[in-house]
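Chains as they are written, first to last, in this note's numbering: chain S, 2 to 366; chain W, 192 to 643.
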């Protein structure tokens, strides 16, 4: 209908087809369509490879590989060439931007692994491995970023490559990065997030023209912003004693610059978990703050992540996630084993903070 | 149709002349490569490098985006040097829609003029992220004609992100993507693009048809996606089991999680095989002792006993012994409402609102469709500006929300009953009678026991 309209009158604007979410079956491997909802069990023949067996006896093999997420068309076409030349022409992506090649023939698995490795895509990310870091946009595209997630992730995944291609962790490890405190990267066993350390610097000359002032006042979680006249112009001012440097005012009002080359820091959080397996889902907790935002390789962040990850690997029982390991050994030992400091900033001060305190006589020595 | 024909005809040489008129720049333009010493350091190491990809686009001199990406690399290097970002938002959309484009205008456009507009199209992927190579190649061709050549699979909201084009390019790229069956996702105060796990397509833990639930709700409400008119964002996510591979409980306002009501299925031969392989101690330490409700027990003959009434369907024992154990057959969904990250009152996990609902028949799906719509309507009418539904729940209290949606209170909604005595309870007896009536008991509950 709308296609016809577009053809007949090119100058007239084309009406969109509101088709919504596409039906995945059109793009799905035929064996998956045939056995849809009828799977019996799975195995992992080796890291990066899954074998799913349907109730019908049909099998589908998955070869999983890491990608850089922000991909140029050449990379995508190369991944497609591998699927067409060595696989069955069907792929999917995981929520952590790994690509999965689906094939019904076991014989194709070694060739897929080889082709992916030859093209520089590590095969792994399955089972109890460190999978790809879920990440955000950063300086490449975001309007409020404190750092560049792509660069942080590239640096960390270079270090974690060997943990991606093996399954030697106690349980799966989910790492996330976020370029501001909105935390689009989400909860993680280890979360590497921007932490602002100074109140916003306000460009009073343009606030009135750029910002809807009442909306900005309303956005502040601690009521630290109020309207003010500055140099004869309507603007906003911040009570810096109240300000928690969260950056919430910055997206609706860019003249309230929250980022500074030196004041934007990185904090590392631990023990977040989305799965309901064993314990309920949990939020990540502060491990260390005030790490420098140090491109292009963020070595200080890499060092802390390494310390935390390998303390977990050495200490956790099989199937304990990061947070469950810490819960068992206790926070005093977590700080001892990682060599990190426990400070007053680890004591929560937000609504409900008392529920995070130890209201018992349980003490570890 | 004209556009669709062009997509299929990219091999023809006549297309090249047409390409030159479009895109984000001029093919074959001469320019000096901007130095990128800091970004260059991100090309080494074993992980695939996004910088190498960006450079590849810059070095494609026959493409319209080469010079565009040269300036983009220049601005990114500038950010790496100064440790600051330089993009600002704005208002860009496509004809007929209000959202779906993330506009980006450079604050340093005078220094890097070619890439001063670098907008992103959020495009909804097939539910479960399935692709054939033909479709991926079509996307590449379209984005090569009208954009930067840079695509992210996928953003944290679940969109395919076609990153980097001009205001003009947004409409052209969208028109062609739309013709091959793809539609824009949500942005701003709107219903957002959704995510569902691999689920029914490949996973034995999948307790319902995730793509069907996903498409039923989202496609029923496309206008809410394309024309932002809600108080703030509203997200649905769909996970086939409590492993929650799409992180729905924390990241969605409305999380649909697969579950089951009957007993875990046990294949005792496979249990014995697993115990023989791993040893009794391992199974006791890692399966029995890790059950959160102490519902699992290993018998002396190496068979497993499960107290299904105490089981909370957490998935741990099934994850570990997935050949021996499987979810039951009476399957359905739980719905949790109100998950979100910090802004503004602090992190919230979704709260259990619907402990169990069957999702098999068309009528079941209609019920879910109606419930979802009711939640969106409730949110639209009651949330304050820039308030997520989890915050609304905190502000008004769960009883008010349940009453507005006609949902009965259920002990599965709480970790434990209230500890605060500050509540008016003069209708407690009426409420108790309603509870017993819902349970099929007569009068006050004890009557049913007497009848036995």
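Where a beta carbon is used, it is the ideal one built from N, C-alpha and C, also for glycine.
Beta strand (DSSP E) segments (min. 3 residues) lying fully within the region 414-449 of chain W: 427-430
C-alpha distance - residue 113 (chain S) paired with residue 75 (chain S), whole-angstrom precision: Along the first chain, one-based indexing puts residue 113 (chain S) at 112. Along the first chain, one-based indexing puts residue 75 (chain S) at 74. If I take the Cα positions, the gap works out to 18 Å.
Residue 94 (chain S) versus W:453, W:388, W:234 and W:524, residue with shortest Cα-Cα distance: As a working mapping, residue 94 (chain S) is identified with position 93 in the first chain. Taking residue 94 (chain S) as reference, the option from W:453, W:388, W:234 and W:524 with the minimal CA-CA separation is W:388.
Alpha-carbon spacing of residue 235 (chain W) relative to residue 126 (chain S), whole angstroms: For the purposes of this step, residue 235 (chain W) is taken as residue 44 along the second chain, with counting starting at 1. For the purposes of this step, residue 126 (chain S) is taken as residue 125 along the first chain, with counting starting at 1. Each residue's alpha carbon lies about 21 Å from the other.
8 Å Cβ cut-off: residues of chain S touching residue 620 (chain W): Numbered from its first residue, the second chain carries residue 620 (chain W) at position 429. The premise fails here: residue 620 (chain W) is roughly 32 Å from chain S at the closest Cβ pair, so nothing lies under 8 Å.
Identity of the residue in W:455, W:446 and W:379 nearest residue 418 (chain W) by Cα: In the second chain, residue 418 (chain W) corresponds to position 227, counting from 1. Out of W:455, W:446 and W:379, W:379 has the C-alpha closest to the C-alpha of residue 418 (chain W).
Neighbour list for residue 285 (chain W) in chain S, Cβ cutoff strictly below 8 Å: What you label residue 285 (chain W) is simply residue 94 of the second chain in a count that begins at 1. In chain order: 17.
Unbroken stretches of the alpha helix (DSSP H), 4 residues or longer, contained in the region 38-96 of chain S: The qualifying runs are 74-86.
Contact the region 579-596 of chain W vs the region 525-534 of chain W: 3+ CB pairs below 8 Å: yes
Interface partners of residue 354 (chain W) on chain S, CB under 9 Å: Stepping through the second chain from its first residue, residue 354 (chain W) is reached at position 163. Simply 71, 138, 141 and 142.
Helix, strand or coil at residue 320 (chain S) according to DSSP, with G and I counted as helix: As a working mapping, residue 320 (chain S) is identified with position 319 in the first chain. Residue 320 (chain S): coil per DSSP, three-state reduction.
Environment of residue 603 (chain W) [buried if 16+ CB atoms lie within 10 Å]: Start at 1 with the first residue of the second chain, and residue 603 (chain W) comes out as number 412. Burial call: exposed.
Boundaries of the beta strand (DSSP E) in which residue 196 (chain S) is found, first to last residue: Along the first chain, one-based indexing puts residue 196 (chain S) at 195. Its beta strand (DSSP E) spans residues 191-197.
Proximity below 8 Å, CB of residue 487 (chain W) to CB of residue 505 (chain W): The residue given as residue 487 (chain W) occupies position 296 in the second chain. The residue given as residue 505 (chain W) occupies position 314 in the second chain. The answer is no: Cβ separation not under 8 Å.
Alpha-carbon to alpha-carbon, residue 426 (chain W) and residue 382 (chain W): If you number the second chain from 1, residue 382 (chain W) lands on position 191. If you number the second chain from 1, residue 426 (chain W) lands on position 235. Straight-line measurement puts the Cα of residue 426 (chain W) at about 6 Å from the Cα of residue 382 (chain W).
Residue 526 (chain W) in three-state terms, based on DSSP: Here residue 526 (chain W) refers to the residue found at position 335 of the second chain. Strand.
Where the region 290-317 of chain W meets chain S: residues whose CB sits under 8 Å from a CB there: 293, 295, 309, 311, 315, 316 and 317
Interface flag, residue 23 (chain S) vs chain W, CB-CB below 8 Å: The residue given as residue 23 (chain S) occupies position 22 in the first chain. So, interface residue.
Continuous beta strand (DSSP E) assignments of at least 3 residues falling wholly in the region 473-504 of chain W: Unbroken beta strand (DSSP E) runs of no fewer than 3 residues, entirely contained in the region 473-504 of chain W, are found at 487-489 and 495-497, following chain order.
CA-to-CA distance, residue 430 (chain W) to residue 42 (chain S), given in whole angstroms: Position 41 of the first chain holds residue 42 (chain S). Position 239 of the second chain holds residue 430 (chain W). Cα-Cα distance, rounded: 18 Å.
Chain W within 8 Å of residue 62 (chain S), Cβ atoms only: The residue labelled residue 62 (chain S) in the question sits at position 61 within the first chain. For residue 62 (chain S), the answer is no, since every Cβ of chain W falls outside 8 Å of its Cβ.
Residue 207 (chain W) in three-state terms, based on DSSP: Here the question's residue 207 (chain W) lines up with position 16 in the second chain. A caution first: residue 207 (chain W) carries a pLDDT of 43, below 50, which makes its placement in the model unreliable, though a value can still be read off. Helix, per DSSP.
Proximity to residue 257 (chain S) [Cα-Cα], best of S:275, S:276 and S:213: Looking up residue 257 (chain S) in the first chain gives position 256. If we check each option's Cα against that of residue 257 (chain S), S:213 comes out closest.
Test item: CB-CB of residue 152 (chain S) and residue 239 (chain W) under 8 Å: The residue you call residue 152 (chain S) lines up with position 151 of the first chain. The residue you call residue 239 (chain W) lines up with position 48 of the second chain. For the pair residue 152 (chain S) and residue 239 (chain W), the CB atoms are not nearer than the 8 Å cut-off.
Rounded straight-line distance, which links the Cα of residue 363 (chain S) to that of residue 353 (chain S): Indexing the first chain from 1 puts residue 353 (chain S) at position 352. Indexing the first chain from 1 puts residue 363 (chain S) at position 362. Cα to Cα, the separation comes out at about 20 Å.
Status (buried if at least 16 other CB within 10 Å, exposed otherwise) for residue 247 (chain S): As a working note, residue 247 (chain S) is residue 246 in the first chain. A residue is called buried once 16 or more other Cβ atoms fall within 10 Å of its Cβ, and residue 247 (chain S) is buried on that count.
Chain S contacts made by the region 253-264 of chain W, where a contact means CB separation under 7 Å: none
Burial state of residue 441 (chain W) (16 or more Cβ within 10 Å): Taking the first residue of the second chain as 1, we reach residue 441 (chain W) at position 250. It is buried - the Cβ of residue 441 (chain W) has at least 16 other Cβ atoms within 10 Å.
Residue closest to residue 347 (chain W), alpha-carbon to alpha-carbon, out of S:187, S:210 and S:232: Your numbering for residue 347 (chain W) matches position 156 in the second chain. Closest by alpha carbon: S:187.
Neighbour flag for residue 199 (chain W) against chain S, beta carbons, 8 Å: Within the second chain, the letter at position 8 stands for residue 199 (chain W). Only weak support exists for where residue 199 (chain W) lies, its pLDDT of 35 falling under 50; the value from the coordinates is given anyway. So, not an interface residue.
Near-chain S residues of the region 321-340 of chain W - C-beta to any C-beta below 7 Å: 321, 322, 323, 324, 326, 327, 328, 331, 334, 335 and 340
Residue 422 (chain W) vs residue 574 (chain W) beta-carbon contact at 8 Å: Locating residue 422 (chain W) in the second chain gives position 231, where the first residue counts as 1. Locating residue 574 (chain W) in the second chain gives position 383, where the first residue counts as 1. Yes. Within cutoff.
Chain-ordered neighbours of residue 528 (chain W) on chain S, where CB pairs are closer than 7 Å: Position 337 of the second chain, counting from 1, holds the residue named residue 528 (chain W). The contacting residues do not exist; residue 528 (chain W) stays about 14 Å from chain S at best.
Contact belief for residue 270 (chain W) with residue 140 (chain S) at Cβ below 8 Å, rounded distance in angstroms: Sequence index remark: in the second chain, residue 270 (chain W) carries index 79 (1-based). Sequence index remark: in the first chain, residue 140 (chain S) carries index 139 (1-based). 4 Å between Cβ atoms; contact.
Residue 183 (chain W) versus residue 219 (chain W) - alpha carbon distance: As displayed, chain W neither begins before 192 nor continues past 643, which places residue 183 (chain W) out of reach and without an answer.
8 Å Cβ cutoff met for residue 259 (chain S) and residue 289 (chain S): Working through the first chain from its first residue, we reach residue 259 (chain S) at position 258. Working through the first chain from its first residue, we reach residue 289 (chain S) at position 288. No.
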